[in-house]
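The next block holds one structure in the form of structure tokens; read it before the comments.
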Amino acid sequence: MRRIAIFASGSGSNAEKICEYFANREDVDVSLIFTNNPMAGVIKRALKLQVPVVFFDRKTFYQTGKIPQILQNEGIDLVVLAGFMMLVPPVLVQAFPNKMINIHPALLPKYGGKGMYGHFVHEAVVNAGDTQSGITIHYVNEHYDEGDIIFQASCDIAPGDTPEEVARKVHALEYEHYPRVIDEILTRR
Ligand code: GAR
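In terms of the working numbering, the sequence shown opens at residue 12 and continues consecutively.
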């Protein structure tokens, strides 16, 4: 059995798609969902999906080794960031070398780094007049959005597309590819 933990800070629609994808699998289990945000939509989704939620605060995340300890005690094989908005501290990166992945809503290395998340990314893409955007799935290191790239997919931006429209196209790509790429990573190990 391969065990996944998901980290999410917001709505959690990607987390839900990942849970649904693996729901009937005997060999893969989404075991825990971690969040730093007590108001996050992902909590309601996790209750519906019957996946236990671990809530943590900033201090626990950055000043203790408790989170890696929980992940290790639970036998987690892959940590999946899905709309997780905090920089991962070295203690956690080092505990899961090449076993932690993130999805970013743009074609990295463009539109990455601190402050580039969610709608800020789509606004920047539209303001720049780009004709394409997309998704990047990458390993997590100690810097925002800089780990090795595993997979990218792109979508066209039509003239006049709003940031909301770009977000919708990017989300569709995320739902299509993130669960499948996670599956590939898990099963080739
Ligand atoms: C997703 O589009 C994800 O790529 C992005 O936040 C959204 C979360 O949506 N992540 C980042 O911007 C990380 N830098 P969701 O909560 O509905 O899955």
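Glycine included, C-beta positions come from ideal geometry on N, C-alpha and C.
The straight-line gap separating the alpha-carbon atoms of Ile-168 and Gly-23 is approximately 24 Å. Unbroken beta strand (DSSP E) stretches of 3 residues or longer found wholly inside the segment 57-145: 64-66, 89-92, 111-115, given in chain order.
The C-alpha of Asn-138 is placed about 34 Å away from the C-alpha of Ile-44. A distance criterion of 7 Å places the beta-carbon of Gly-94 in contact range of the ligand GAR, judged by its closest non-hydrogen atom. A Cβ-Cβ contact shorter than 8 Å links Val-104 with Met-111.
Relative to the ligand GAR, His-115 has its C-beta within less than 7 Å of a heavy atom.
Here Arg-56 is buried: its Cβ has 16 or more other Cβ atoms, across all protein chains shown, within 10 Å. Looking only at Cys-166, Gly-86, Glu-195, Ile-146, the smallest Cα-Cα distance to Asn-25 is reached by Ile-146. Ala-19 is classed as buried because its beta carbon has at least 16 other beta carbons within 10 Å across all chains shown.
Each residue's CA atom was taken as its position, placing Glu-176 and Leu-60 some 28 Å apart. Contact annotation: Ile-87 and Ala-164 have beta-carbon atoms that are not nearer than 8 Å. Per DSSP, the beta-bridge partners of Cys-166 are Ser-144. Proximity to Asn-109 across Glu-187, Asp-40, Glu-157 peaks at Glu-157, based on C-alpha coordinates. Residue Ile-114 holds the alpha-carbon nearest to the alpha-carbon of Val-90 among Tyr-73, Ile-114, Asp-38. With a cut-off of 7 Å, the C-beta of Glu-185 is classified as near the ligand GAR, since at least one heavy atom of the ligand falls inside that distance. Taking all protein chains shown into account, Phe-95 has 16 or more neighbouring C-beta atoms within 10 Å of its C-beta and is therefore buried.
Judged by DSSP secondary structure, Arg-14 falls outside any alpha helix (DSSP H) and instead within the beta strand (DSSP E) spanning 13-18.
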